[in-house]
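Student: Take a look at this one; I'll ask things after.
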Amino acid sequence: AQSVTQLGSHVSVSEGALVLLRCNYSSSVPPYLFWYVQYPNQGLQLLLKYTSAATLVKGINGFEAEFKKSETSFHLTKPSAHMSDAAEYFCAVSDRKGSARQLTFGSGTQLTVLP
Amino acid sequence: DAMVIQNPRYQVTQFGKPVTLSCSQTLNHNVMYWYQQKSSQAPKLLFHYYDKDFNNEADTPDNFQSRRPNTSFCFLDIRSPGLGDAAMYLCATSRDTLETQYFGPGTRLLVL
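Protein chains in written order, with this note's numbering: chain Y, 5 to 119; chain L, 377 to 488.
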């Protein structure tokens, strides 16, 4: 069975500092991996996805993530945090369940950006 | 812009009073999903439709039902809401079950 672990339910960074949100997965087959962002009282917005092409994936808003199979990780980074990055971030893994793909979310990381 | 629309954004209902949440999409996607997200938790899949084929998750309570009258619309019916059903309900769509899911803004349900 697939699962996702997000280390750190809350992360605080200063504006302009590096953002690093950690995600580790387990999957019995090569996974597809996603990062979604959720602003308060909003739905989930896709930041980026890995679907077995390039291991370094660039997303929207300056975020990127690197798929490391040996570490079963898909950490999300951004070189310089913006106040507008404050939100909840969900890592998700998708692998096959029969003829479909099932999306399993991590428990989320709340990012706070300090002025 | 093609998108996933959920109405209403906020819904208040009474304990035991049936409620229906609505989702529509202009993406012409084949698959529509309903997720339940409780406070500070990850979204949890309730069920999905592939076209007209309904797929229920094993642990989705019988209290939750869904209808998809056409490609564009999908409804979530909660027959007898309990206090524990208060949550954000997220609709998502994908072109195929193997494809990326795109989410609507959600409906926050409050049960009094």
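Yeah, the Cβ is synthetic: ideal placement off N, Cα and C, and Gly gets one too. Since the model is a prediction, treat every value here as computed from it, not as a measurement.
I think L/MET408 touches L/GLN401, with their Cβ atoms under 8 Å apart; what is that distance to the nearest whole Å?
Tutor: 7 Å
Student: For L/LYS393, which three-state DSSP category applies?
Tutor: coil
Student: Just the C-alpha distance for Y/VAL17 and Y/LEU115, rounded to the nearest angstrom, thanks.
Tutor: Distance between the alpha carbons of Y/VAL17 and Y/LEU115: 8 Å.
Student: Is DSSP giving L/SER456 helix, strand or coil here?
Tutor: coil
Student: Kindly indicate if chain L contains any beta-carbon less than 9 Å away from that of Y/TYR40.
Tutor: yes
Student: Whole angstroms is fine: what's the gap from Y/GLY110's alpha carbon to Y/LEU60's?
Tutor: 20 Å
Student: Please compile the residues from chain L whose C-beta is within a distance smaller than 9 Å of the C-beta of Y/LYS72.
Tutor: What Y/LYS72 touches in chain L: nothing, since even the nearest Cβ is about 21 Å away.
Student: Do L/TYR386 and L/ARG471 have their CB atoms nearer than 9 Å?
Tutor: no
Student: Could you list the residues in the segment 42-61 of chain Y with a C-beta less than 9 Å from some C-beta on chain L, going in chain order?
Tutor: GLN42, ASN45, GLN46, GLY47, LEU48, GLN49, LEU50, LYS53 and THR55
Student: Can you have a look at L/VAL388 and say buried or exposed, based on whether 16 or more other CB atoms are within 10 angstroms of its CB?
Tutor: Burial check for L/VAL388: the Cβ neighbour count within 10 Å stays below 16, so the residue is exposed.
Student: According to a CB-to-CB cut-off of less than 9 Å, which residues of the segment 471-483 of chain L neighbour chain Y?
Tutor: ASP472, THR473, LEU474, GLU475, THR476, GLN477, TYR478, PHE479, GLY480, PRO481 and GLY482
Student: Which residue's Cα is closest to the Cα of L/GLN428: L/ASN439, L/HIS405 and L/ALA434?
Tutor: Sequence check: residue 428 of chain L is Lys here, not Gln. Comparing Cα-Cα distances from L/LYS428 to each of L/ASN439, L/HIS405 and L/ALA434, the minimum goes to L/HIS405.
Student: With H, G and I counted as helix, E and B as strand and the rest as coil, what does DSSP make of L/ASN439?
Tutor: coil
Student: Exposed or buried, which one is Y/ALA58 when buried takes at least 16 other CB atoms within 10 Å?
Tutor: exposed
Student: Got a sec? Which residues, its chain only, sit under 6 Å from Y/TYR54 by beta carbon, not counting five neighbours each side?
Tutor: LEU37, VAL61 and PHE71
Student: Report the start-end ranges of each beta strand (DSSP E) in the segment 16-74 of chain Y that is 3 residues or longer and not cut off at the edges.
Tutor: 23-25, 28-30, 36-42, 48-54, 60-62 and 68-72
Student: Counting contacts by CB-CB distance shorter than 9 Å, is L/ASN487 in contact with chain Y?
Tutor: Reading off the sequence shown, one finds Val at residue 487 of chain L, where the question assumed Asn. With 9 Å as the cut-off, L/VAL487 does not count as an interface residue toward chain Y.
Student: Suppose contacts are defined by Cβ-Cβ distances below 9 Å. Is L/CYS467 in contact with L/VAL395 by that definition?
Tutor: no
Student: Is DSSP giving Y/SER13 helix, strand or coil here?
Tutor: The answer is coil: DSSP assigns Y/SER13 none of H, G, I, E or B.
Student: Taking 9 Å as the CB-CB limit, is L/PRO457 close to chain Y?
Tutor: Interface with chain Y (9 Å Cβ-Cβ cutoff): L/PRO457 is excluded.
Student: Quick check on the DSSP output: the beta strand (DSSP E) that includes Y/LYS82 runs from which residue to which?
Tutor: Under the DSSP assignment, Y/LYS82 falls in the beta strand (DSSP E) whose first and last residues are 77-82.
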